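Enquirer:
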Amino acid sequence: MKIYEHQVKDLFRKYAIPVPKGIVARTVSEAVSAARSLGSLPVVVKAQTHAGGRGKAGGILVAATLEEAKAAASALLGRNLVTDQTGPEGQPVNALLIEERVEAARELYLGLTIDRAKKCPALIVCGKGGVEIEELARQEPDKVVVEHIDPAFGLRPFQASRPFFSLEIPPGTVGALASVAMALYRLFLASDGSILEINPLVLTDAGAIVALDAKMTIDDNALFRQPDLVSLSDPGSESGLEAEARRAGLNYIKLKGNVGCMVNGAGLAMATMDLIKLAGAEPANFLDVGGGATSEMVKEGLRILLSDPDVQLLFINVFGGILRCDVLARGLAAGAEELSVKLPVIVRLEGTNKKKGQEILAASGISFVSVGSLKEAAERIKCEMARGRPA
Amino acid sequence: MILVDQETRVLVQGITGAEGAFHTAQMRQYGTKVVAGVTPGKGGSPHEGIPVFNTVRDAVRETGASASAVFVRPASAADAVMEAADGGVDLVVCLTEGIPVLDMVAATAYTAKKRVRLIGPNTPGIISPERCKIGVMAGYIHRKGPVGVVSRSGTLTYEAVHQLTLAGIGQSTCVGIGGDPVGGLSFVEILDLFEEDGETEAVVLIGEIGGTQEEEAAEFFRSKGTKPLVAFIAGLTAPPDRRMGHAGAIISRGQGGAEAKIRALEDAGVTVARSLAELGESVMDVMSARKNRKER
């Protein structure tokens, strides 16, 4: 789960990580009064979206006057911001963060993440900031310093300061920067972070340290013990069908193609998408109904697939294990009774109670093509798509 | 055959829960020696004739259990793994899905320190066909034979095993290493065990997007692999920054994409099946080529 910049900065304040003065605005007039009450111009008007790359996409504007602040707010609020980290549909801008402008003498990067290979948290510091860390690592590999954190001992003070000494930071500032790193690690642990970044972390001419931008991703598996963070989630940032699927307990991701697929298991669902692509078509979605799916959930899954106007063909691929084929078939049959299924449907059932599942489907009145293997499925998809394609 | 055999004595943590009870019955039916259960607070009252203990330490002392299957809810599962590692078993198989990553960071550091092998979490488990199953996979699709299988995905493993069995190719051991970002035994560690195993003649590796384990497996194969390796990688069409079901299956910041993994494996000389539909055939080709070489 991701939270917004202004929400991360509220957490920073609690952990004594210095941030610029700022006020959240949800309307143009709120934005103007926020700019006024900050008491100094210029101000920075920042679109609040979960995806990064806002600056380059025009989502962060500097306003020298209240008039300019008003214009910036009108331009950003209500718009869908498309960045290189969003899809072409972008993400809606429903809130702005109006901040005082901070002049940077130097920009750094400071981040925490989990190093999967080393199975521990890692502190990452870069002597340059303001650009994506991957880009920084490409441009200036010598300026990226990583400290692996032993989970039994936590981030040690020497590790929190060592990277800054190697980056030609004025020695008088290193202590304060190390304190920011230590505080960031405490927040990372306390909030079950998977990524927590300050980029840029700014040094001013006056010698102050300010976290100018902040990003945080929280481990979805840990949300059960993070009720305060869950209350910060914004379901509005998800597309309609994805939110509906989530409520039904389904794992659904909308994609660009037109072959809708329903699969059990995340790995098989991905492999099924790939199979569709190899057959010369494009998957319309990822849909994992999961091992514990009920007939009700399958029915809801079918409804979601049919609600997607892009879908021209359905491919149901299930390897029954914990989810039995008859349970799946009953859900499909019930769904088909309520929703008229006019699209071609290809079904491949394998595993537990396969025969029973096929019988239920045959009796359901859904017109579908049953295939025995994945190879056959790929052939059918190819053939159906060729037939359906306008000449 | 690696890690588990007909002599493996299994204890089940969470044996009185719904999942634990169901799969204990299934494992016994398959022939696994389930010798003990552990549910804190329910020690002393047997479950279906299996003695139940409050602690892993008691269970190991009383029954000589050598492996543990963890069917404990996500909030307590990492603690159960650590208790097992401290309690005296050699192998812990953690089936639980949805454990917080930071909990697994602690648990993997702990098991490593105790020199206990951990499989999972979020795995279908491990099976040496016709001898021992510790997990939730359907036993009947497996046959005993010469091919080792290692995978990050559950249903994809079933699919692969099914194709192998239909093609008349049995399996030595099938290991699901799990779909989480941080877990126990890695692809490389399992490949190393298959290399040493006399029964295993070839290995199937099923990877997916996210992380660097497939690339590390490629490097292992290049430097040490003597047995043919056939791989399949799921997620060629996965969009970046979206978690594809498994917590570990995410192309994060342009890293962990399927193309790069396939390239690394092919460069190292691994046979990569581009389509899941062709995985069984690829293994058949590799096996018959090996047989021909042997006969010549």
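For the protein sequence lines, the chains are R and D, in the order given. Anchor point for the first sequence: position 18 equals 19 in the working numbering, and the numbering is continuous, going up by one each time. Anchor point for the second sequence: position 264 equals 1294 in the working numbering, and the numbering is continuous, going up by one each time. Even for Gly, the Cβ is constructed at its ideal location relative to N, Cα and C. Source: prediction; values computed, not measured.
Quick check on R/N222: does DSSP put it in helix, strand or coil?
Expert: helix
Enquirer: Tell me the rounded alpha-carbon separation between R/P391 and R/E380.
Expert: Because the pLDDT of R/P391 is 41, which lies under 50, any placement of that residue in the model is unreliable, and the number read from its coordinates should be weighed accordingly. Their Cα atoms are separated by approximately 19 Å.
Enquirer: Examine chain R for any beta-carbon lying closer than 8 Å to the beta-carbon of D/V1260, and answer yes or no.
Expert: no
Enquirer: What residues in its chain sit with their C-beta under 7 Å from that of R/L42, if we drop five residues either side in the sequence?
Expert: A65 and T66
Enquirer: May I ask whether a heavy atom of the ligand ATP can be found less than 7 Å away from the beta carbon of R/Y16?
Expert: Inclusion of the ligand ATP in the displayed structure is not the case, the ligand content being empty and no account of it being possible.
Enquirer: At 9 Å on the CB atoms, spell out the chain D contacts of R/T28, in chain order.
Expert: Result: empty, since nearest Cβ-Cβ is about 30 Å, beyond 9 Å.
Enquirer: Is any beta-carbon of chain D found at less than 8 Å from that of R/P19?
Expert: no
Enquirer: What does a CB cutoff of less than 6 Å around D/E1113 pick up in its chain, not counting 5 residues either side in sequence?
Expert: V1086
Enquirer: Three or more C-beta pairs closer than 8 Å, one from the region 107-116 of chain R and one from the region 187-198 of chain R: is that the case here?
Expert: A contact exists between the region 107-116 of chain R and the region 187-198 of chain R.
Enquirer: Could you check how far apart the C-beta atoms of D/P1159 and D/R1173 are, in whole angstroms? I think they sit under 8 Å.
Expert: 6 Å
Enquirer: Which whole-angstrom value is the C-beta distance of D/G1209 and D/A1279, which I expect to be below 8 Å?
Expert: D/G1209 to D/A1279, Cβ: 6 Å. Contact.
Enquirer: Find the residues of chain D that neighbour R/A1, judging by a C-beta separation of less than 9 Å, and give them in chain order.
Expert: Given a span of 2 to 392 for chain R in the structure shown, any question on residue 1 of chain R remains unanswerable.
Enquirer: What would DSSP say about R/Y16, mapped onto helix, strand or coil?
Expert: coil
Enquirer: Would you identify the three-state DSSP class for R/A392, choosing helix, strand or coil?
Expert: Annotation note: pLDDT 34 at R/A392 (below 50); position unreliable, no value reported.
Enquirer: Looking at R/L288: is its Cβ nearer than 8 Å to the Cβ of R/A330?
Expert: no
Enquirer: What do you get for R/V63, buried or exposed, if any count of 16 or more other CB atoms within 10 angstroms of its CB means buried?
Expert: exposed
Enquirer: Threshold first: 3 residues or longer. Then list the beta strand (DSSP E) segments lying entirely within the region 204-276 of chain R, N to C.
Expert: Taking only runs of at least 3 residues, the beta strand (DSSP E) segments lying wholly in the region 204-276 of chain R are 210-212, 215-219, 252-255 and 260-264.
Enquirer: Given a threshold of 16 other Cβ atoms within 10 Å of its Cβ, counted over all protein chains shown, does D/E1037 qualify as buried or as exposed?
Expert: D/E1037 is exposed by the Cβ-count criterion.
Enquirer: Spell out whether any CB of chain R is found under 8 Å from the CB atom of D/I1207.
Expert: no
Enquirer: Going residue by residue through the region 269-347 of chain R, where are the continuous beta strand (DSSP E) segments of at least 3 residues, counting only ones entirely within it?
Expert: 286-289 and 314-321
Enquirer: I need the DSSP call for R/H149, collapsed to helix, strand or coil.
Expert: strand
Enquirer: If we count the other Cβ atoms within 10 Å of its Cβ and call it buried at 16 or more, is R/D229 buried or exposed?
Expert: Exposed, since its Cβ has fewer than 16 Cβ neighbours within 10 Å.
Enquirer: So, helix, strand or coil for D/G1117, using DSSP?
Expert: helix
Enquirer: Per DSSP, what kind of secondary structure is R/E90 in: helix, strand or coil?
Expert: coil
Enquirer: If you draw a straight line from the alpha carbon of R/A212 to that of R/L137, how long is it in whole angstroms?
Expert: 18 Å
Enquirer: Could you tell me which of R/S341, R/C384, R/E377 and R/L333 sits nearest to R/Q359, measuring between CA atoms?
Expert: Of the residues R/S341, R/C384, R/E377 and R/L333, the one whose Cα lies closest to the Cα of R/Q359 is R/L333.
Enquirer: May I ask you to list, following chain order, the residues of the region 300-321 of chain R that have a beta carbon less than 7 Å from some beta carbon of chain D?
Expert: Of all residues in the region 300-321 of chain R, only F320 place a beta-carbon less than 7 Å from a beta-carbon of chain D.
Enquirer: In this structure, does DSSP put R/G176 in helix, strand or coil?
Expert: helix
Enquirer: DSSP three-state label for D/N1322, please.
Expert: helix
Enquirer: Tell me, please, whether the CB atom of D/R1182 is closer than 8 Å to any CB atom in chain R?
Expert: yes
Enquirer: Determine the chain R residues that contact D/G1241 at a beta-carbon separation under 7 Å, and present them in chain order.
Expert: R117
Enquirer: How many angstroms separate the CA atom of D/V1218 from the CA atom of R/E243?
Expert: 36 Å
Enquirer: Run through DSSP, which three-state label would D/I1164 get?
Expert: strand
Enquirer: Give the residues of chain R in contact with D/L1266, contact being defined as C-beta atoms less than 7 Å apart.
Expert: Those within 7 Å of D/L1266 in chain R are D275 and K278.
Enquirer: Could you list which residues in chain D have their beta carbon closer than 7 Å to that of R/L375, in chain order?
Expert: Going along chain D in sequence order, the residues near R/L375 (Cβ under 7 Å) are L1306 and A1307.
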